[in-house]
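In terms of our numbering, the sequence shown opens at residue 93 and continues consecutively.
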Amino acid sequence: MFSASDLKKGLKVQVDGEPWAITEFEFCKPGKGTSLYRCKLKNMITGSTIDRTYRPTDKLDKPDLEEKEMYYSYAENDFFVFSDAETFEEMHVSAKTLGRDAYFLIENSLCKILLFNGLPIEITLPTFIEKVIADTEPGARGDTATNVLKTAKIDNGYEIQVPLFINTGDLVKIDTRTGLYAERVSKA
Numbered sequence: 093m094f095s096a097s098d099l100k101k102g103l104k105v106q107v108d109g110e111p112w113a114i115t116e117f118e119f120c121k122p123g124k125g126t127s128l129y130r131c132k133l134k135n136m137i138t139g140s141t142i143d144r145t146y147r148p149t150d151k152l153d154k155p156d157l158e159e160k161e162m163y164y165s166y167a168e169n170d171f172f173v174f175s176d177a178e179t180f181e182e183m184h185v186s187a188k189t190l191g192r193d194a195y196f197l198i199e200n201s202l203c204k205i206l207l208f209n210g211l212p213i214e215i216t217l218p219t220f221i222e223k224v225i226a227d228t229e230p231g232a233r234g235d236t237a238t239n240v241l242k243t244a245k246i247d248n249g250y251e252i253q254v255p256l257f258i259n260t261g262d263l264v265k266i267d268t269r270t271g272l273y274a275e276r277v278s279k280a
C-alpha cells in the first residue's frame, strides 16, 4: 500500500479496483488544518481522468501490474497474437486495446505489454518502424526546401503526412508514439 505522502507524478495506484496513473500532483498546506495532496488521475484502461484530494493518513492500494516483453506474431480476427520470448506462450490482445498502434505492428517485433491482473491494458511498440509507402502523389523534382506536406498511405492503409519529395515505394521511418513521419530511409 501507498500512503498519501508517497504520491508523486507518474506513480500508478489502484482506485476502486482499477489502475490509475497520477498525471498531476500538488502538495497543499493551508494555514490551519492538515496538509492535502491534490492529484489528477488517468484511468489506464479507459483513459478517463478524475481529480482526487488525499489527506496524509489516507492509504492507496498498489495495482497488480506486470510488464512482459513479447514478440508480435500474427493477426487473428479482431485479435493480435503475441508470443513470449522465453516460454512461447501466446497472448491474444484485442484490436480495441491496441487502437491506432495496430497499424504499426511488424511481424516478430519486440513489444512491451503491461498487464493488470493478467489482462493486457497497454502495449508499447518499438519507437520507430520502417514502412514502404504504398500510394502517394508523385513529388516534383526539387521540392525539398519547403515544409509542405502531402498525404501518403502505407501498406496497411494508414495515412501519414510526408514531405513532397517522398514517392510511392520509398521506405520511411515512422514514430509509433505520434504516428508521424520521421525520415526517409531509402528511395524506391
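Note that beta-carbon positions come from the ideal geometry of N, C-alpha and C, so glycine has one too.
Closest in C-alpha terms to M136, from the list K104, T270, I246 and E199, comes K104. Each of R147, I205, I198 and K154 was checked against the Cα of S127, and the nearest Cα belongs to R147.
Per DSSP, reduced to three states, the secondary structure at D156 is coil, with no helix or strand assignment.
The C-beta distance from K132 to D143 rounds to 6 Å, short enough to fall under 8 Å. D108 and G123 have their C-alpha atoms spaced approximately 31 Å apart. DSSP places T189 inside the alpha helix (DSSP H), whose first and last residues are A187 to L190. Under DSSP, the beta-bridge partners assigned to I205 are K160 and I215. Comparing alpha carbon positions, the residue from Y129, I213 and M183 closest to C120 is Y129. Counting only runs of 3 or more residues that sit fully inside the stretch 101-178, the beta strand (DSSP E) segments are 104-107, 110-120, 128-135, 141-146, 157-168 and 171-176, in chain order. The closest CA to that of G139, considering only D247, L202, A113 and A226, is found on A113. As DSSP reads the structure, S95 sits in a beta bridge with K151.
Here DSSP, grouped into helix, strand and coil, assigns D193 to helix. Here P230 is exposed: its Cβ has fewer than 16 other Cβ atoms, across all protein chains shown, within 10 Å.
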